[in-house]
Amino acid sequence: MASGRVVRFDGARGYGFIAPDHGGEDVFLHVNEMLIPESYVRSGTAVEFEVEEGGRGLKASSVRLAEGPDGTPLTPPPVAPAVAAPSVPRQTDGDDSLCDVLGADEYLSEVTEILLKAAPSLTGEQILQIRGGLARFGKSHGWTEN
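When the letters of the sequence shown are read in order and numbered with the numbering used here, they come out as residues 25 to 170.
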């Protein structure tokens, strides 16, 4: 069993990459090879996995959250959006580590899903207003591409 951290994961496409702790090339990660909910996987998530040789290089299988000596996950599952917002690392000039830039459509899709789960009683008009404000905010912070 190998260990590493998720470099990036695109939930819309269902794949990403893991950087092994031992070094070497990144390992391909597909949603069908995960033993954990897709919502747990994000950049920086510590995972354990089997490594297999795929048609295009190394690929991960039996992917699960990495555990510490006491059996607790090294990277805790995400907190529901209604309870707490995820922390976003501040980016300094020239530092793009752990920074995923989303396309505007993908960003708005993610925002919509969060709003619907966190506050199902919102009207369509309210969701559109909130999305518009968040889209402007995300663009001004470099979180989305045009």
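Glycine included, C-beta positions come from ideal geometry on N, C-alpha and C.
Coarse secondary structure for residue i, derived from DSSP in three states
{"i": "D50", "result": "coil"}
{"i": "S85", "result": "strand"}
Residue span of the beta strand (DSSP E) that contains residue i, given as start and end
{"i": "E134", "result": "No beta strand (DSSP E) contains E134, which is instead part of the alpha helix (DSSP H) from 128-142."}
{"i": "R29", "result": "26-34"}
{"i": "E57", "result": "E57 -> no beta strand (DSSP E), and no H or E assigned at all."}
{"i": "E77", "result": "70-78"}
{"i": "G40", "result": "39-44"}
Limits of the alpha helix (DSSP H) - the one that residue i falls within
{"i": "E149", "result": "148-164"}
Per-residue burial, residue i [other beta carbons within 10 Å of its own, 16 or more giving buried]
{"i": "F161", "result": "exposed"}
{"i": "F33", "result": "buried"}
{"i": "K83", "result": "buried"}
{"i": "E72", "result": "buried"}
{"i": "M58", "result": "buried"}
{"i": "L158", "result": "buried"}
{"i": "E89", "result": "The sequence given here has Leu at residue 89, not Glu. Buried: at least 16 other Cβ atoms inside 10 Å."}
Cβ distance (whole Å) where residue i is taken to contact residue j below 8 Å
{"i": "I42", "j": "V51", "result": "5 Å"}
{"i": "A70", "j": "P44", "result": "That pair is no contact at about 12 Å."}
{"i": "A36", "j": "E130", "result": "6 Å"}
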